[in-house]
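Below: one structure, written as structure tokens.
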Amino acid sequence: MKDKLSIDRPIWLMRLACYGYLCFAVIWWLACVPALDFPARLLLDISTWPIDGSHDQLSRDARFLSAIGAGLLSALALMILLVVIPELERRNFKPLKGTTIALLSWFVVDSAGCFSIGVYSNIVLNIVYVLTMLIPIWLLRKESLLD
Numbered sequence: 720m721k722d723k724l725s726i727d728r729p730i731w732l733m734r735l736a737c738y739g740y741l742c743f744a745v746i747w748w749l750a751c752v753p754a755l756d757f758p759a760r761l762l763l764d765i766s767t768w769p770i771d772g773s774h775d776q777l778s779r780d781a782r783f784l785s786a787i788g789a790g791l792l793s794a795l796a797l798m799i800l801l802v803v804i805p806e807l808e809r810r811n812f813k814p815l816k817g818t819t820i821a822l823l824s825w826f827v828v829d830s831a832g833c834f835s836i837g838v839y840s841n842i843v844l845n846i847v848y849v850l851t852m853l854i855p856i857w858l859l860r861k862e863s864l865l866d
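Throughout, the numbering used here is defined as the position within the sequence shown, counted from one, plus 719.
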């Protein structure tokens, strides 16, 4: 039998990443409420480097897209938390392939969009963001291959 810690630590890291994703979803949802949109405007300013305060007003379209993005990101985080992680805790590693494909799909689409509009700094942030989930998945896949 494998060392339980070698499997539980990556699951714990995935759970932590999901909570981080949910925090980002809340920040993006706040963009929909003009009186509460400062965290989203700050995150947008950081994501589009340099930090220059140029995002003092968000258009109706930006708020609309933030609502969609917040919903999709929270759905992804909750799907992993409530469906994938319980399966991994049962030592069923089959969801890892689909989860990896979904994360890579997000990464490619989001990064290609950022590239096409010249927001290269967000691609760097996307790399960090996707690695918070892919590293634990890689560790779990490595463990599952040892079965």
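Glycine included, each C-beta is placed from N, C-alpha and C at the ideal position.
For residue i, the three-state DSSP class (helix, strand or coil)
i, result
"lysine 811", "Checking the displayed sequence, the identity of residue 811 turns out to be asparagine instead of lysine. Here asparagine 811 sits in coil by DSSP."
"valine 828", "helix"
"leucine 732", "helix"
"glycine 790", "helix"
"glycine 739", "helix"
"alanine 759", "helix"
"proline 769", "coil"
"cysteine 833", "helix"
"leucine 777", "coil"
Residues near residue i by beta carbon distance below 7 Å, same chain, minus five either side
i, result
"proline 758", "Ile746, Leu749"
"leucine 777", "Ala750, Asp756, Arg760"
"phenylalanine 783", "none"
Contact belief for residue i with residue j at Cβ below 8 Å, rounded distance in angstroms
i, j, result
"leucine 792", "tyrosine 740", "6 Å"
"phenylalanine 893", "arginine 860", "Residue numbering for the chain in the displayed model covers 720 to 866; residue 893 lies beyond these limits and cannot be assessed."
Nonlocal neighbours in the same chain, by C-beta distance under 8 Å from residue i, ignoring five residues either side
i, result
"tryptophan 825", "Leu795, Val849"
Residue-level contact to chain B via CB, residue i, 8 Å cutoff
i, result
"alanine 781", "No chain B is part of this structure, which consists of one protein chain only."
Status (buried if at least 16 other CB within 10 Å, exposed otherwise) for residue i
i, result
"proline 930", "There is no way to answer for residue 930, as the model of the chain reaches only from 720 to 866."
"asparagine 841", "buried"
"leucine 801", "exposed"
"alanine 754", "exposed"
"isoleucine 836", "exposed"
6 Å Cβ shell around residue i - same chain, five flanking residues per side excluded
i, result
"serine 773", "none"
"alanine 786", "Cys751"
"threonine 767", "Val838"
*Using 8 Å as the threshold, is the stretch 819 to 835 in touch with the stretch 844 to 851, meaning 3 or more CB pairs across them?*
Taking 8 Å as the limit for Cβ pairs, the verdict is that the stretch 844 to 851 does touch the stretch 819 to 835.
*asked:* Could you check whether the stretch 854 to 862 touches the stretch 804 to 821, counting it as contact only if at least three pairs of C-beta atoms, one from each stretch, sit closer than 8 Å?
replied: Touching, yes, given that three or more Cβ pairs across the two stretches are closer than 8 Å.
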